[in-house]
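First the structure, in the form of structure tokens, and then the observations on it.
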Amino acid sequence: MRLASLDIHSSMGPDGLHPCLLRPISLTSVCCKTWERIIAKNLYEFLESNQILSADQFGFRQGRTVDDQLLLVYDDVTSWLDSGCVVDVVLFDFSKAFDVVCHTILIDKLRHIGVGGRLLDWISDFLTDRTMRVSVSGVFSASRPVLSGVPQGSVLGPLLFLIYINHIPSYIRSKCKFFADDLKLYMKIRHNATHPLAVDLSSLQKDIDNISRVAASWGLNFNPNKCVVIRCQRGSVDWTAVGSLQHYHLDNSDLSLADNHRDLGILVDNTLKFHAHIRATVNKAAGLANNLLKSTLCRSSDFMVTILKSHIRPILEFGSTVWNTGYLGDLRLLESVQRRWTKHIDGLADLSYTNRLKALNLYSVQGRFLRADLIKCWKIFHKQSVISPSDLFSVSPVTATRGHRFKLAKPHIYTECRRRFFSVRCIDHWNFLPDSVVGANTIEAFKQGLHLSLGELLFAHTE
Numbered sequence: 029m030r031l032a033s034l035d036i037h038s039s040m041g042p043d044g045l046h047p048c049l050l051r052p053i054s055l056t057s058v059c060c061k062t063w064e065r066i067i068a069k070n071l072y073e074f075l076e077s078n079q080i081l082s083a084d085q086f087g088f089r090q091g092r093t094v095d096d097q098l099l100l101v102y103d104d105v106t107s108w109l110d111s112g113c114v115v116d117v118v119l120f121d122f123s124k125a126f127d128v129v130c131h132t133i134l135i136d137k138l139r140h141i142g143v144g145g146r147l148l149d150w151i152s153d154f155l156t157d158r159t160m161r162v163s164v165s166g167v168f169s170a171s172r173p174v175l176s177g178v179p180q181g182s183v184l185g186p187l188l189f190l191i192y193i194n195h196i197p198s199y200i201r202s203k204c205k206f207f208a209d210d211l212k213l214y215m216k217i218r219h220n221a222t223h224p225l226a227v228d229l230s231s232l233q234k235d236i237d238n239i240s241r242v243a244a245s246w247g248l249n250f251n252p253n254k255c256v257v258i259r260c261q262r263g264s265v266d267w268t269a270v271g272s273l274q275h276y277h278l279d280n281s282d283l284s285l286a287d288n289h290r291d292l293g294i295l296v297d298n299t300l301k302f303h304a305h306i307r308a309t310v311n312k313a314a315g316l317a318n319n320l321l322k323s324t325l326c327r328s329s330d331f332m333v334t335i336l337k338s339h340i341r342p343i344l345e346f347g348s349t350v351w352n353t354g355y356l357g358d359l360r361l362l363e364s365v366q367r368r369w370t371k372h373i374d375g376l377a378d379l380s381y382t383n384r385l386k387a388l389n390l391y392s393v394q395g396r397f398l399r400a401d402l403i404k405c406w407k408i409f410h411k412q413s414v415i416s417p418s419d420l421f422s423v424s425p426v427t428a429t430r431g432h433r434f435k436l437a438k439p440h441i442y443t444e445c446r447r448r449f450f451s452v453r454c455i456d457h458w459n460f461l462p463d464s465v466v467g468a469n470t471i472e473a474f475k476q477g478l479h480l481s482l483g484e485l486l487f488a489h490t491e
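Just so we're aligned: the sequence shown equals residues 29 to 491 in this note's numbering.
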């Protein structure tokens with residue numbers, strides 16, 4: 029089926045989604061989707077085995093998560109801040125990226141990486157001769173040809189888009205990371221007698237210009253109003269010394285300096301304390317908890333714990349390895365959601381929070397954050413993460429007489445944001461674990477070892 033439909037209904041009026049924000053979804057047949065899965069699987073294996081996809085791309089790839097990308101980015105950022113640099117993070121917003129992919133350029137890119145023959149013919153046929161229509165209250169418009177884009181709602185479309193934008197990192201000098209069409213550049217801005225600010229600022233501006241030029245040549249455009257710069261700095265810097273380079277520009281539009289901005293679902297601020305993100309997370313989780321309490325009658329422990337684990341916890345814990353900076357006020361707020369929820373369970377209202385947790389076999393939110401940190405460490409050391417140990421840590425020499433074989437060296441730290449970041453805050457707890465736990469062969473065995481080794485720490489919480 030080559031027809032995509034865009035369904036517009038009354039809820040998408042002035043107070044809802046604007047029709048311009050909607051995308052047509054291609055409802056391909058079962059037979060077509062089966063072929064897509066076969067082709068996508070083999071094409072993906074070809075790309076990965078030949079290391080064709082950029083290491084900076086994390087979207088639509090197995091074993092690469094939002095947490096992995098953000099940990100790598102903000103480990104660099106906090107490390108540079110700790111060394112006294114200013115860090116500029118540029119967050120780009122593509123305008124309808126999946127819809128404007130040029131079919132001719134995409135086919136050329138596929139041919140360039142070694143895709144040819146009948147497979148290339150099939151993909152070319154899959155992309156072309158498509159039509160779309162708009163539906164308003166069940167009434168359809170006339171069909172129109174689709175001249176560009178990868179079919180949204182298809183199995184193969186996301187992988188084709190990754191191939192389309194794969195070479196962008198080769199045009200820049202700054203560090204960059206992708207998550208599908210979410211792109212960020214970041215660079216340390218040094219400022220000393222031999223290295224004036226203008227050098228790095230100019231270099232980053234050149235990279236912005238190069239990305240804009242290359243993207244435009246491929247038919248991709250950015251929305252300058254949604255592209256922002258987050259400037260992180262330690263202490264005060266005399267920005268007036270660099271004149272017009274104080275701000276960056278994209279396609280003749282100045283990029284705004286933002287105090288905070290969402291980066292892959294995490295509200296990142298220029299202090300890297302994540303207070304605003306935590307407040308927003310607590311408000312969202314608490315609001316959902318209130319709605320669930322109002323709309324349900326059952327208060328049995330099995331029902332309430334199941335709802336907690338399936339609906340509330342995922343909100344509280346998403347990306348916690350990145351933003352859990354451990355400030356006491358934040359921990360109290362986060363804990364308050366689970367504290368209030370467990371108080372509504374039948375027969376437990378008169379127990380203390382700690383005793384409620386033990387009766388339900390639940391860890392505190394604070395305990396689960398600690399557990400998540402250590403699980404991430406285990407995955408890194410046991411090659412179950414795209415992150416390698418050397419990306420975030422320094423391992424102690426093997427001649428050390430105390431500790432386990434994965435013992436981490438503690439760096440000298442000068443800033444609070446670095447001290448509270450994942451790659452530093454987890455060191456003491458990780459080094460405390462026995463060798464039998466950190467050397468566990470499976471994640472389940474490691475989790476069991478954590479329960480025995482950490483004990484009461486998993487139930488600890490800030491009053």
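The C-beta atom is built at its ideal place from N, Cα and C for all residues, glycine as well.
This one's a predicted model, so the numbers in the text were calculated from it and none came from an experiment.
Can you have a look at residue i and say buried or exposed, based on whether 16 or more other CB atoms are within 10 angstroms of its CB?
i	result
serine 202	buried
asparagine 311	exposed
glutamine 366	buried
aspartate 548	The question about residue 548 has no answer, for the chain in this structure spans 29 to 491.
proline 462	exposed
isoleucine 471	exposed
histidine 489	buried
glutamate 73	exposed
tyrosine 442	exposed
arginine 158	buried
alanine 313	buried
serine 413	buried
serine 272	Because the pLDDT at serine 272 is just 46, under 50, the model does not fix this residue reliably, and the value given afterwards should be weighed accordingly. Classification for serine 272: exposed.
valine 270	Confidence in valine 270 is poor, its pLDDT being 45 and thus under 50, which makes the residue's placement unreliable; the coordinate value appears in the next sentence. Buried: at least 16 other Cβ atoms inside 10 Å.
leucine 83	The sequence given here places alanine at residue 83; leucine does not occur at that position. It counts as exposed.
leucine 336	buried
glycine 41	Here glycine 41 scores only 49 on pLDDT, less than 50, and its place in the model should not be relied on; the value that follows carries that caveat. So glycine 41 counts as exposed.
serine 77	exposed
histidine 509	No statement about residue 509 is possible, as the shown extent of the chain runs from 29 to 491 and does not include it.
aspartate 358	buried
asparagine 469	exposed
leucine 225	buried
lysine 411	exposed
leucine 356	exposed
serine 39	Since pLDDT at serine 39 reaches only 43, below the 50 mark, its modelled position is unreliable, and the value read off the structure follows with that caveat. Under this definition serine 39 is an exposed residue.
aspartate 228	buried
Between which two residues does the alpha helix (DSSP H) harbouring residue i extend?
i	result
glycine 59	A small fix is needed here, since residue 59 is cysteine in this sequence, not glycine. Per DSSP, cysteine 59 belongs to the alpha helix (DSSP H) from 58–77.
methionine 131	It should be noted that the sequence gives histidine, not methionine, for residue 131. Taken as a continuous stretch (DSSP letters only), the alpha helix (DSSP H) holding histidine 131 covers 131–140.
valine 423	No alpha helix (DSSP H) contains valine 423, which DSSP labels as neither H nor E.
aspartate 378	First-last for aspartate 378: undefined, no H or E at that position.
proline 197	Per DSSP, proline 197 belongs to no alpha helix (DSSP H) and is neither H nor E.
isoleucine 340	Looking at the DSSP string, isoleucine 340 is not in any alpha helix (DSSP H), and its letter there is neither H nor E.
isoleucine 191	185–192
asparagine 311	303–323
isoleucine 258	No alpha helix (DSSP H) holds isoleucine 258; the beta strand (DSSP E) holding it covers 256–260.
cysteine 326	Here cysteine 326 belongs to no alpha helix (DSSP H), and DSSP marks it neither H nor E.
leucine 147	145–155
cysteine 405	393–409
Is any non-hydrogen atom of the ligand MN found closer than 7 angstroms to the C-beta of residue i, if you look at the structure I gave you?
i	result
lysine 411	In terms of ligand content, the structure shown is empty, and the ligand MN therefore cannot be addressed.
Tell me the rounded alpha-carbon separation between residue i and residue j.
i	j	result
histidine 140	leucine 134	10 angstroms
cysteine 445	threonine 106	6 angstroms
threonine 189	asparagine 288	Inspection of the sequence shows that residue 189 is occupied by phenylalanine rather than by threonine. Cα to Cα, the separation comes out at about 29 angstroms.
isoleucine 151	alanine 243	22 angstroms
aspartate 401	phenylalanine 154	44 angstroms
glycine 177	leucine 278	24 angstroms
lysine 407	phenylalanine 487	23 angstroms
arginine 360	arginine 327	24 angstroms
valine 423	phenylalanine 434	7 angstroms
aspartate 103	lysine 216	12 angstroms
leucine 398	cysteine 454	8 angstroms
lysine 371	leucine 390	13 angstroms
glycine 431	isoleucine 340	37 angstroms
leucine 320	glutamine 85	38 angstroms
histidine 131	threonine 156	8 angstroms
valine 350	proline 186	26 angstroms
Specify, as a first and last residue, the run of the beta strand (DSSP E) that residue i falls within.
i	result
valine 162	158–164
isoleucine 294	294–297
arginine 172	172–174
aspartate 116	114–121
histidine 289	288–291
tyrosine 214	210–217
Can you find a CB in chain D that lies within less than 8 angstroms of the CB of residue i?
i	result
lysine 386	Here chain D cannot be found, since the structure has a single protein chain.
### Task
Could you tell me whether the segment 368–387 touches the segment 434–441, where touching means 3 or more Cβ pairs closer than 8 angstroms?
In this structure the segment 368–387 does not touch the segment 434–441; the number of beta carbon pairs closer than 8 angstroms is below three.
#### Entry: Given 8 angstroms, three or more beta-carbon pairs between the segment 208–222 and the segment 118–137
Yes: at least three Cβ pairs fall under 8 angstroms.
### Task
Say whether the segment 247–261 touches the segment 115–124, bearing in mind that this needs 3 or more beta-carbon pairs closer than 8 angstroms, one atom from each stretch.
A contact exists between the segment 247–261 and the segment 115–124.
### Query
Okay, do the segment 232–251 and the segment 84–98 touch, 3+ Cβ pairs below 8 angstroms being the bar?
Contact fails: fewer than three Cβ-Cβ distances are below 8 angstroms.
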